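In full-length UniProt numbering, the protein residues as written are 1 to 134. Glycine included, C-beta positions come from ideal geometry on N, C-alpha and C. All figures in this text were calculated on a predicted structure; none of them were measured in a lab. Down below is the structure, laid out as structure tokens.
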């Protein structure tokens, strides 16, 4: 697994709270073909991180399943597969962070539809794509 360095700094000063006047409001709808659809008609394409990495994940998973239990090569294959899963997770988190940052920079109030993704995941035909976009 990878080691992630972390640095926290605090200067000890707290900024005074300012009154907030809402001038721009945005509403968003989540989807599968488009990741996000705004109330102004703007669409954000779904990056499909899992679909793009699926071939590598599949081959690494097969390679892991062929290794003998307890062997050093199995440990290496497991780490390789975990690294690929971590890359997908990091790409998703990065995309969501950049998108959310852009949305809150442009708007002062954001309204988002609530979805019960756990119930949607019960559809076995769409579960992988729902999980990829959720």
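*Opposite residue 85 in the DSSP bridges: which residues?*
None; residue 85 has no bridge partner.
*Hey, would you say the C-beta of residue 132 is under 7 angstroms away from at least one heavy atom of the ligand ATP?*
Annotation note on the ligand ATP: not contained in the displayed structure, which lists no ligands.
*Could you check the C-alpha separation between residue 110 and residue 86 for me, to the nearest Å?*
30 angstroms
*Inter-stretch contact at 8 angstroms, needing at least 3 Cβ pairs: the segment 61 to 71 / the segment 115 to 126*: no
*What are the complete beta strand (DSSP E) segments, minimum 3 residues, inside the segment 37 to 104?*
Within the segment 37 to 104, complete beta strand (DSSP E) segments of at least 3 residues are found at 43 to 45, given in chain order.
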